[in-house]
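Asks: Pasting a structure below so you can have a look.
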């Protein structure tokens, strides 16, 4: 108890010191007082640390896991956090005070020449640069502003300029600045390093060319759109000239690009104004034309708006007819009723119309020339494009006009259609329909949806896009057009997009990962996964709203300054990102009817506008469901003999590169290169990956503190990498930690069934970098060279004498070319007290998508190289290898021993060592060192590969296969989901358990026919059958299958096939009859 009290008193003293320091005004601090306080703080922390250690050592084994110990650990962490915070504040305050003293001592007003003072009656606001985050596009602005404000300021010393430069940079740019010492000489070095890093003329020019060749098309002749198009081209021209690009002969290009994007009317006027039709017009001429044209359009628009406003004031409001409603759930229109002109509802929802008899309704429809199919007034039935028909007889007339055979009574609610295509009905209390409640709307107003201008960050460039912020969408979407412009890498997918009434509206075949940024806050970055569709919402809003008086807006920064202009939307940000982009501030009644919400992109506006024009509105909703039915289709699909796969161009490229670049070192090992995609690094590149790998390493390191045994074994495996030369520290002078390298996150995987390595290190090459691209994304996986395990086992059964062995650390015996090692970097340290060291893996690494191809292809190359010297070993490497497992044999013992010797010598010459030997003949193993044997009579087929056989074992002594299954305990009740989970474990690709597996499949089909829900208990009759299956399931372990089929080369072979079918299943069996010759 005494130790606990000492620890609590030490903690209280430290926390009281922190509170006292925080309450002390900053003006009372000095450099000397802070030095004394810093020493006192350190002494208090050491006392806390010592008392906690004493308290921990004196706890008994039972008390170590008690609540008191957990509380003490929490108290200790709080004190450590307080110590770090307080020490950091002291250091920062001391740094600022020291800097101010140095500045005052270096600036001597008497020594300076008097500078002329310019007096002015105007007080200008202070000018300063924004924070530079390492963006290529922002570098020219930052460079010029920093030069004008700081570098050209004669009052600042170089060390002060370096101080300001450090505070005006973040991220990689700040890391570059930090490499220079905070001295007068350090500023020149830091500024030069920064300029060399970001003076990337090629990136800037490419960015302008992308803008130039992807100009938006102006579909409607408006002054604002034409002016925006003209300004975009002139901005590109200015930037290209600034970087010294000769564009004096580019007039034909500029004129063609712009004229092809002009609306028909503007283009006709331009062509009409060209005097010499055969000559190529100059850009200056088109530029002047566009200026005159948008000025004319603006003047005309201003005059028309004035004339319209006066006309509206002088007239009484006309009755609303054909008003439209745009909601975020569906699209529909709401014309006025023909029978009730003063009421706003559609005819088919009119109480008078519904109370009529069917014949009277038909007379009304004919009287007003309505469509007999949809009751619209704009067309007749023969021109109706509605896909809906009568719900009763499915003929081309409306359900309300259907005549009942039994009598002509007024139609009830049951005669109504559930939902018409684009039409709306008011809510009916007596309605029995359940799928239209979310679609009702009473008011007919145009609604503005929340849009924002966002940045899509890729390859160091920010691409601007207009996004719709949609909390009703489960996913984020991006248009195919924008994906092609940015050249975002995609991944295949299979998803369906569902809207209202659970109707499938689209299908997604590709997804793209990207980083979303904010024009308002350059520091904001989030990773997003966008589903790619040809078109999202079309232009939003449906039409431009010109009646908005922007002078009435509150002082807010709009996320989309042109929210009222009808423009294209290329991005829909869904609910998966919504919590990360929304902020807490909200303003109501903006402009009378809009709601303003603050986001990381600025303020978005949503709500109805007061003056909706009569135009057809649309609205959108989306939700996506990933199709994952592999577990179900596995039971019904037919297994087919695989056809010969066609070689793809990518596989041909990998093969050619392997042949052209693979070499062999002096010690016989093979050295390979990584098969990068042709688009790398020109079109797709890797971003920064060290930060993500560092965070993963620190998380794993903290997790392994609670598992000391795993930590020791994990460090032993990685130390072995260093000892064997499989990884080396990165040279600090040459190591690039930026986008030119890739850091692999790694973690431990425990394999309790392994006879050698219980802990394996797994590397993750699919971890995305800062731009969303991973190493596996820029590498070809290569062709699949792995042999089929079932075919190997069948061939293995033909040999009388067989042996099995495993290549030790096969992947790590294939060397990686030094130029590619920077893409295989990891972070590692053995103790948290040490600094983290960057290492480069020197070999092919498991976890990289091309590693299986490179390793297996190297074995095949070895087979070719040794064909003449070791023909038996060459045949084994080509025909009897399953990744790193050898499944070989012979018909006589002498040949088997000779094959074994050739295989050992051939593989040893290339650095491949065979371990875990086993055989059905002791004569084959007699010369193998004991430490290289499996030391057991069981061989478990490795389950790492995809083409695996789970649970199949081979008893070498009995030379038989058998199965190792876990007992399934019987429960009082089972749900449909639980039964499916158990049946899915019965994976039998060889068909040896076919009579057993078929019973489970038939049982699952019967459960399906009962139509019970996933989490409902199965019926009692099926439960009895399932219980009987589970009780017999454990007997699978008693099945024994002879490995050798008694075949010899001099035997006579006969094949006998049988097949049969019933209403529940069909089966086929192939028997081999071997008859020895006397």
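Numbering (the UniProt record's numbering), first residue to last: 1 to 1078. For glycine and all other residues, C-beta sits at the position ideal for the given N, C-alpha and C.
1. By how many angstroms is the C-alpha of residue 606 removed from the C-alpha of residue 851?
2. Cβ atoms of residue 711 and residue 827: under 9 Å apart, would you say?
3. In the DSSP assignment, what are the bridge partners of residue 825?
4. I'd like the list of long-range same chain contacts for residue 154, defined as Cβ closer than 6 Å, with 5 residues on each side in sequence excluded.
5. According to the Cβ coordinates, are residue 601 and residue 454 closer than 9 Å?
6. Just curious, the beta strand (DSSP E) that residue 276 is in, first and last residue?
7. So, with DSSP's three-state summary, where would you put residue 258?
8. Using CA atoms only, rank isn't needed, just tell me which of 1029, 990, 988 is closest to residue 1004.
9. What residue range does the beta strand (DSSP E) around residue 709 cover?
10. State the DSSP-derived secondary structure class of residue 786, mapped to helix, strand or coil.
11. Looking only at its chain, what residues have a beta carbon closer than 6 Å to the beta carbon of residue 822, apart from the 5 residues adjacent to it on each side?
12. Mind checking which residues open and close the alpha helix (DSSP H) that includes residue 1089?
13. Could you tell me whether the Cβ atoms of residue 483 and residue 777 are closer together than 9 Å?
14. Rounded to the nearest angstrom, how far is the Cβ of residue 862 from that of residue 906, given a contact under 8 Å?
15. Using only alpha-carbon positions, find the residue among 990, 792, 1064 that is nearest to residue 963.
16. Would you call the CB atoms of residue 814 and residue 843 closer than 9 Å?
17. Can you tell me which of the three DSSP states residue 808 falls into?
18. Which of helix, strand or coil does DSSP assign to residue 563?
19. Looking at residue 571 and residue 486, is the spacing between their C-beta atoms short of 9 Å?
20. Drop a sphere of 10 angstroms on the beta-carbon of residue 838, count the other beta-carbons inside from all chains shown, and report buried for 16 or more, exposed for fewer.
21. If you scan the stretch 643-692 from start to end, which runs of the beta strand (DSSP E) of 3 or more residues do you find wholly inside it?
22. With DSSP run on the structure shown, which of helix, strand or coil describes residue 139?
23. Provide the residue span of the beta strand (DSSP E) that contains residue 761, from first to last.
24. Distance check for residue 73 and residue 59, CA to CA, integer angstroms please.
25. Taking C-beta to C-beta, are residue 41 and residue 21 nearer than 9 Å?
26. Work out the CA separation of residue 688 and residue 772 for me, nearest whole Å.
27. Alpha carbon to alpha carbon, what distance is there between residue 664 and residue 899?
28. At the level of alpha carbons, what is the spacing between residue 55 and residue 70?
29. So, for residue 1063: in the same chain, excluding its five sequence neighbours on each side, which residues have a beta-carbon less than 8 Å away from its beta-carbon?
30. So, does the stretch 911-925 touch the stretch 797-811, judging by three or more C-beta pairs under 8 Å?
31. Name the residue from 920, 848, 175, 901 whose alpha carbon lies nearest to the alpha carbon of residue 927.
32. I want to know whether the stretch 561-575 touches the stretch 465-485 - three or more CB-CB distances under 8 Å.
33. Name the two residues that bound the continuous beta strand (DSSP E) containing residue 889.
34. Residues in its own chain within less than 7 Å of residue 674 by CB, not counting five upstream and five downstream?
35. State yes or no: is the C-beta of residue 724 within less than 9 Å of the C-beta of residue 829?
36. If I measure Cβ to Cβ from residue 170 and keep anything under 8 Å in the same chain, skipping five residues before and after, which residues do I get?
Replies: This is what the structure gives:
1. 52 Å
2. no
3. 743, 840
4. none
5. Cβ distance < 9 Å, so residue 601 and residue 454 count as in contact.
6. Here residue 276 belongs to no beta strand (DSSP E), and DSSP marks it neither H nor E.
7. helix
8. 1029
9. Not the beta strand (DSSP E): residue 709 falls in the alpha helix (DSSP H), residues 708-723.
10. Residue 786 falls in the coil class under three-state DSSP.
11. 741
12. It is not possible to answer for residue 1089, since the shown part of the chain is limited to 1 through 1078.
13. no
14. 7 Å
15. 990
16. Going by C-beta atoms, residue 814 is nearer than 9 Å to residue 843.
17. coil
18. coil
19. no
20. buried
21. 670-672
22. helix
23. For residue 761, the enclosing beta strand (DSSP E) starts and ends at 759-763.
24. Between residue 59 and residue 73, the alpha-carbon positions lie close to 13 Å from each other.
25. yes
26. 10 Å
27. 24 Å
28. 12 Å
29. none
30. yes
31. 901
32. yes
33. Segment 885-890, the beta strand (DSSP E) holding residue 889.
34. 779, 820, 823, 850
35. no
36. 131, 132, 133, 134, 523
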